[in-house]
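Down below is the structure, laid out as structure tokens.
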Amino acid sequence: MKVLGISFGRKNQRSDVMVKEALFAAKAAGADVQFINTVTLNIGHCRACDYCSRMRDKGEVEIHCCMKDDYHILEEACLEADGIIIGAPVYAVGIVGQFKNFVDRFGPSHDRAALLEENKKRKAEGKPELDPRYFKDRYVGYISVGGAQTHNWVAFGLPMLDLFSFSFCMKCVGHVDAYDQGRTGHPLFDKKLMAKCSALGTAVATSIGKPYDEVDTWVGDEGVCPVCHNPLLSMNGTTKVECPVCGIWGTLSVDGDKVNVEFSEQEKNRARSTITGIYEHYNEIQNMIKVCVPKMITYKEELPKMMEKYKNFDKEIEKM
Numbered sequence: 001m002k003v004l005g006i007s008f009g010r011k012n013q014r015s016d017v018m019v020k021e022a023l024f025a026a027k028a029a030g031a032d033v034q035f036i037n038t039v040t041l042n043i044g045h046c047r048a049c050d051y052c053s054r055m056r057d058k059g060e061v062e063i064h065c066c067m068k069d070d071y072h073i074l075e076e077a078c079l080e081a082d083g084i085i086i087g088a089p090v091y092a093v094g095i096v097g098q099f100k101n102f103v104d105r106f107g108p109s110h111d112r113a114a115l116l117e118e119n120k121k122r123k124a125e126g127k128p129e130l131d132p133r134y135f136k137d138r139y140v141g142y143i144s145v146g147g148a149q150t151h152n153w154v155a156f157g158l159p160m161l162d163l164f165s166f167s168f169c170m171k172c173v174g175h176v177d178a179y180d181q182g183r184t185g186h187p188l189f190d191k192k193l194m195a196k197c198s199a200l201g202t203a204v205a206t207s208i209g210k211p212y213d214e215v216d217t218w219v220g221d222e223g224v225c226p227v228c229h230n231p232l233l234s235m236n237g238t239t240k241v242e243c244p245v246c247g248i249w250g251t252l253s254v255d256g257d258k259v260n261v262e263f264s265e266q267e268k269n270r271a272r273s274t275i276t277g278i279y280e281h282y283n284e285i286q287n288m289i290k291v292c293v294p295k296m297i298t299y300k301e302e303l304p305k306m307m308e309k310y311k312n313f314d315k316e317i318e319k320m
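In full-length UniProt numbering, the protein residues as written are 1 to 320.
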């Protein structure tokens with residue numbers, strides 16, 4: 001079994017140290033480990049060119065991005081891994097942008113529902129199937145690193161890291177919210193924090209190879225949502241509330257100054273990181289296509305004329 005550690009922070013600084021501490025524990029638990037620091041990697045933003053989807057639809061066994069940068073280094077490492085631990089800094093309330101660049105390119109192109117449906121077609125037609133690594137279950141753990149003492153300045157750190165889990169249907173077994181680093185000075189000065197990182201590495205390594213429904217391990221704060229364990233809720237003015245990370249609904253109740261939220265098993269089983277959840281999104285996209293394509297066909301002659309003033313924006317503005 002192989003555990004991959006990825007740090008999106010500065011070399012040999014806080015993110016590196018905490019991810020490596022987790023990897024030491026994973027190694028002690030019997031895993032082979034690999035560490036990658038991304039700070040000098042060139043990972044550009046997704047250009048929505050749809051090249052990766054076209055590769056899938058044209059029958060390629062492996063799906064790659066057409067952009068020639070360092071994205072493929074992380075992609076290949078993730079595909080080879082059985083467990084993944086990511087540490088990343090919070091610069092402005094949420095995780096550093098390089099992480100989001102990677103997720104935008106990795107997630108949609110490896111959407112498990114789309115890949116499963118593609119493989120069904122290939123099997124039926126006797127064509128080469130997709131790389132089996134795309135369908136391997138993986139366990140993940142996250143470390144959000146922030147300097148602020150006030151937690152709301154790092155509030156989107158862990159929720160953003162969870163974005164990595166969804167498309168590949170990976171199961172998170174823990175997270176570490178390492179904020180207040182400005183006063184801590186260095187994570188090695190905080191033995192409890194380092195112990196949490198170590199426990200995270202052990203949890204990822206010891207979960208590998210087990211079916212998701214047999215692993216109820218969790219390292220870190222419990223949060224509000226029983227799936228992602230983040231403390232966020234979306235409210236609509238009623239007692240029906242939603243976890244904005246997992247997309248599942250619960251019922252809120254108040255007992256004095258204590259707030260309780262109950263999530264049914266049915267809702268927990270349709271969280272974004274589950275097969276049910278990812279298929280909900282896949283079916284939503286397929287239905288969108290059914291509605292959108294006829295509209296585009298209907299207006300295919302008229303749309304170019306409608307677009308002229310937007311393509312010639314600068315000239316149109318000068319006329320005004």
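Quick reminder that beta carbons are idealized off the backbone N, C-alpha and C, glycines included.
{"query": "Close beta carbons around residue 34, own chain, < 6 Å, minus the five adjacent residues each side", "result": "4"}
{"query": "Under 8 Å between C-beta atoms of residue 26 and residue 204", "result": "yes"}
{"query": "Cα-Cα separation between residue 249 and residue 276, rounded to whole angstroms", "result": "15 Å"}
{"query": "heavy atom of the ligand FMN below 7 Å from residue 284 C-beta", "result": "This structure simply doesn't include the ligand FMN, nor any ligand for that matter."}
{"query": "Simplified DSSP assignment, three categories, for residue 35", "result": "strand"}
{"query": "Residue from 84, 82, 47 and 59 with nearest C-alpha to residue 68", "result": "47"}
{"query": "Residue 172, enclosing beta strand (DSSP E) - first and last residue", "result": "171 to 178"}
{"query": "Top-ranked residue by Cα proximity to residue 282, from 132, 117, 256 and 260", "result": "117"}
{"query": "Identity of the residue in 166, 197, 107 and 98 nearest residue 14 by Cα", "result": "197"}
{"query": "Completely contained alpha helix (DSSP H) runs for the segment 151 to 228, where each covers 4 or more residues", "result": "157 to 161, 181 to 184 and 191 to 207"}
{"query": "Completely contained beta strand (DSSP E) runs for the segment 70 to 116, where each covers 3 or more residues", "result": "83 to 92"}
{"query": "Sufficient close CB pairs (3 or more, under 8 Å) joining the segment 38 to 54 to the segment 211 to 223", "result": "no"}
{"query": "Residue 283 - partner residues in DSSP beta bridges", "result": "Per DSSP, none; premise fails for residue 283."}
{"query": "According to DSSP, residues forming a beta bridge with residue 142", "result": "86 and 175"}
{"query": "Residues near residue 90 by beta carbon distance below 7 Å, same chain, minus five either side", "result": "144, 145, 146, 154 and 157"}
{"query": "Element boundaries [beta strand (DSSP E), containing residue 2]", "result": "2 to 7"}
{"query": "Residue 297 versus residue 49: straight-line alpha-carbon distance, rounded", "result": "21 Å"}
{"query": "Cβ pair count under 8 Å reaching 3, the segment 162 to 178 against the segment 106 to 116", "result": "yes"}
{"query": "Meets three-Cβ-pair contact criterion under 8 Å: the segment 79 to 98 and the segment 206 to 218", "result": "yes"}
{"query": "8 Å Cβ cutoff met for residue 161 and residue 178", "result": "no"}
{"query": "Touching by the beta-carbon criterion (3+ pairs, under 8 Å), the segment 288 to 304 and the segment 246 to 264", "result": "no"}
{"query": "Between the CA atoms of residue 187 and residue 307 - distance to the nearest angstrom", "result": "54 Å"}
{"query": "Beta strand (DSSP E) runs contained entirely in the segment 13 to 65, provided each spans 3 or more residues", "result": "32 to 37"}
{"query": "Residue 235 (DSSP reduced to helix, strand or coil)", "result": "strand"}
{"query": "CB-CB length for residue 215 against residue 173, believed under 8 Å", "result": "7 Å"}
{"query": "Three-state secondary structure (DSSP) of residue 291", "result": "helix"}
{"query": "Identity of the residue in 1, 234 and 59 nearest residue 125 by Cα", "result": "59"}
{"query": "Residue 303 (DSSP reduced to helix, strand or coil)", "result": "helix"}
{"query": "Cβ neighbours of residue 129 in the same chain (closer than 6 Å, five flanking residues each side left out)", "result": "119 and 122"}
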